[in-house]
Amino acid sequence: MSKFPKDFLWGGATAANQYEGGYLEGGKGVNTSDVMVGGSHTVPRRVSWKNPTTGETGFTGMSFGSPMEIPEGAVPAVLDGVYYPSHEATDFYHHYKEDIALMGEMGFRCFRLSMNWARIFPNGDDAEPNQEGLAFYDAVFDECKKYGIEPLVTMSHYETPIALTINYGGWKNRKLIDFFVKYAETVVAHYAGKVKYWLTFNEINCMDMAPFMAGGIVDDTPQNRAQGAHNQFVASARVVKFAHENYPDVKIGQMLAFGPVYTYTCSPADQIKALETSQGTLFYSDVQTGGFYPEYRLIQYKEQGIVLEDCPEDYELIKNYSADFLSFSCYGSATVSADPSVGSVGGNISMGVKNPYLSSNAWGWATDPVCLRIACNTLYSRYRKPVWIVENGIGWDDKKEADGSVHDTYRIDYLRQNIESMKEAILKDGVELMGYTMWGCIDLVSASTGEMKKRYGFVYVDKDDNGNGTLARSKKDSFEWYKKVIASDGEDLD
Ligand code: BGP
Numbered sequence: 001m002s003k004f005p006k007d008f009l010w011g012g013a014t015a016a017n018q019y020e021g022g023y024l025e026g027g028k029g030v031n032t033s034d035v036m037v038g039g040s041h042t043v044p045r046r047v048s049w050k051n052p053t054t055g056e057t058g059f060t061g062m063s064f065g066s067p068m069e070i071p072e073g074a075v076p077a078v079l080d081g082v083y084y085p086s087h088e089a090t091d092f093y094h095h096y097k098e099d100i101a102l103m104g105e106m107g108f109r110c111f112r113l114s115m116n117w118a119r120i121f122p123n124g125d126d127a128e129p130n131q132e133g134l135a136f137y138d139a140v141f142d143e144c145k146k147y148g149i150e151p152l153v154t155m156s157h158y159e160t161p162i163a164l165t166i167n168y169g170g171w172k173n174r175k176l177i178d179f180f181v182k183y184a185e186t187v188v189a190h191y192a193g194k195v196k197y198w199l200t201f202n203e204i205n206c207m208d209m210a211p212f213m214a215g216g217i218v219d220d221t222p223q224n225r226a227q228g229a230h231n232q233f234v235a236s237a238r239v240v241k242f243a244h245e246n247y248p249d250v251k252i253g254q255m256l257a258f259g260p261v262y263t264y265t266c267s268p269a270d271q272i273k274a275l276e277t278s279q280g281t282l283f284y285s286d287v288q289t290g291g292f293y294p295e296y297r298l299i300q301y302k303e304q305g306i307v308l309e310d311c312p313e314d315y316e317l318i319k320n321y322s323a324d325f326l327s328f329s330c331y332g333s334a335t336v337s338a339d340p341s342v343g344s345v346g347g348n349i350s351m352g353v354k355n356p357y358l359s360s361n362a363w364g365w366a367t368d369p370v371c372l373r374i375a376c377n378t379l380y381s382r383y384r385k386p387v388w389i390v391e392n393g394i395g396w397d398d399k400k401e402a403d404g405s406v407h408d409t410y411r412i413d414y415l416r417q418n419i420e421s422m423k424e425a426i427l428k429d430g431v432e433l434m435g436y437t438m439w440g441c442i443d444l445v446s447a448s449t450g451e452m453k454k455r456y457g458f459v460y461v462d463k464d465d466n467g468n469g470t471l472a473r474s475k476k477d478s479f480e481w482y483k484k485v486i487a488s489d490g491e492d493l494d
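Right, dumping it as structure tokens:
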């Protein structure tokens, strides 16, 4: 048998902060992604700030090797005359009918999108939700239903209402737990019957690399990262509890940024390096999906003098209400070396050394088609819970021809090999894999660089890095190819 299961959830993935646009429309508040300007693969993205008393303005890095430093008295802020890629993004807000129709045409069974927290609770701590925001997603889910598309909804994908950063310090503050849980309970209840699958935080382990993106935290210290992660774990567990007690059909999943870790050589020192690097990621799934705080992390906290603001009930919640399934993004593997002279190269969030067996795209992300099988096995065997690949794909500076076509053979080749790898995970290894949503199915803004030219989609969107373009949609060659893949349940990959 060379087919995927009939109920396999084929589809694509997006995120509000990179796709939706509609900045301040329909009562939406400002969020952390709204203050991020664009960069490139050599220039890191920055955050704009303003001192409300003196009027002074400026820009700062936001991790990924460019530390966040905002002067005393200043706060992250949207500045006049500055271009912010997320404000319009690729305008799903006004194109959702057209886009969902294209997804329907490809035969999508699932569409992963995120809900913009500040569209529902504009300041994060509002007493009542914004009805216009709720109505927007109602319309989106109704549209999905027309095509038989199951939504998979991330509650927070790299955005936090900016007022929660300014007034509370972001996720380092335990008060955020209550605000998030209120938001989550509101949307789970409101969309009951329309949305079955939810993810609480996108790539929760990004807290260790970019806490402003992951948790609206400006003062980036090991203590604040640890507290921010802890607070998100507790919030996730409370959401699982709420869903289990009130909406037994609803499933709440974890979302982890994951890539198998390879050793550069077979030296024992490299194996230890790989073990420790893996622990850095698996800590997040051990807690959220496994339900336990692993000893290796607690020992580290002790050594670093990190003391969590917690209470015994936190650990009871974490243990009793772990995630129903484990979803993850996987763009490739990371290769590590214990020898600093080997040098490092950038990768998807995590750094690694160059693997001589793998090729990379223009942004230096190594592509490793077989690693999905390894990733599925590692995560499934560790927790014995269903897994779901909710991001995978290849960023490319696609060229649109005069007739609107895009010949993205490289994308088809990449996806074919990745799909073969998943197929082996299911058919040879028996992994319970729920679905596959390719990242950025309709072109959108890059999270790491803010660029438009790092495109992932089956559908090209006419927009450039400076915000110019008609936003017209056109099908790439991969569109028809993916349609055929889905229609044949993954059998026809030619
Ligand atoms: C993941 C994020 C996404 C997405 C993707 C591709 O880490 O969850 O938001 O953007 O990576 O990254 P990029 O957009 O930087 O190419």
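Take the sequence shown: its position 271, counting from 1, is numbered 271 in my numbering, and each next residue is one higher.
Yeah, the Cβ is synthetic: ideal placement off N, Cα and C, and Gly gets one too.
| Item | Value |
| --- | --- |
| Proximal residues to Gln223 (C-beta, below 7 Å), its chain only, five neighbours per side dropped | Ile306 |
| Trp363 - DSSP class collapsed to helix/strand/coil | coil |
| Other residues of its chain near Glu132: CB distance less than 6 Å, five sequence neighbours each side excluded | Gly26 and Gly27 |
| Check: Lys454 C-beta below 7 Å from any heavy atom of ligand 1 | yes |
| Burial state of Phe292 (16 or more Cβ within 10 Å) | exposed |
| Rounded straight-line distance, which links the Cα of Gln300 to that of Ile318 | 20 Å |
| First and last residue of the uninterrupted beta strand (DSSP E) at Met434 | Leu433 to Trp439 |
| Member of Glu391, Leu134 and Val75 whose CA lies at the smallest distance from the CA of Trp49 | Val75 |
| Supposed close pair Asp462, Thr470 - CB separation, criterion 8 Å | 5 Å |
| Separation of Met209 from Val78, as counted between CA atoms | 23 Å |
| Best match in Ala366, Lys196 and Thr154 for proximity to Lys145 [C-alpha to C-alpha] | Lys196 |
| Local Cβ density within 10 Å of Glu309, reported as buried at 16 or more and exposed below that | exposed |
| Phe242 vs Val287 beta-carbon contact at 8 Å | no |
| Entirely enclosed beta strand (DSSP E) segments - the segment 258-338, minimum 3 residues | 261-263, 325-329 and 334-336 |
| Contact set for Asp397: own chain, Cβ-Cβ below 8 Å, skip 5 residues either direction | Ala362, Lys453, Lys454 and Arg455 |
| Pro85 (DSSP reduced to helix, strand or coil) | helix |
| Within the segment 141-213, ranges of the alpha helix (DSSP H) (whole runs, at least 4 residues) | 162-168 and 175-190 |
| Residue range of the alpha helix (DSSP H) that includes Ala375 | Cys371 to Tyr383 |
| Check whether Tyr486 and Met103 have beta carbons under 8 Å apart | First, the residue type needs correcting, since residue 486 is Ile and not Tyr in the sequence shown. No. Outside cutoff. |
| Under 8 Å between C-beta atoms of Lys3 and Gly430 | no |
| DSSP bridge partner residues for Phe59 (one or two, in chain order) | Ser48 |
| Sequence-distant residues of the same chain with beta carbon closer than 6 Å to Pro44, five excluded per side | Gly61, Phe64 and Ser66 |
| Residues of its chain near Thr186, where Cβ-Cβ distance is below 6 Å and the 5 sequence neighbours each way are ignored | Pro129 |
| Closer than 7 Å: Thr281 CB and nearest ligand 1 heavy atom | no |
| Under the three-state DSSP convention, the category Arg119 falls into | helix |
| Minimum C-alpha distance to Val204 - residue among Phe283, Val181 and Gln271 | With the sequence shown as reference, residue 204 is identified as Ile, and Val is not the correct amino acid for it. Closest option to Ile204, Cα to Cα, is Phe283. |
| Proximity test, Trp439 beta-carbon vs ligand 1 heavy atom, cut-off 7 Å | yes |
| Backbone secondary structure at Tyr247 - three-state DSSP | coil |
| Cβ-based burial, Ile349 [other Cβ within 10 Å; buried from 16] | Any reading at Ile349 needs caution, since the residue's pLDDT is 49, under 50, leaving its predicted position unreliable; the model's value is listed next. Classification for Ile349: buried. |
| Check whether His157 and Ala16 have beta carbons under 8 Å apart | yes |
| Any non-hydrogen atom of ligand 1 within 7 Å of Thr449 CB | yes |
| Alpha-carbon to alpha-carbon, Met36 and Gly58 | 12 Å |
| Cα-Cα separation, Asp142 to Tyr23 | 22 Å |
| Tyr137 - DSSP class collapsed to helix/strand/coil | helix |
| Val387 vs Cys376 beta-carbon contact at 8 Å | yes |
| Neighbourhood of Ala447 by C-beta, 7 Å cutoff - its chain only, sequence neighbours within 5 removed | Gln18 and Tyr158 |
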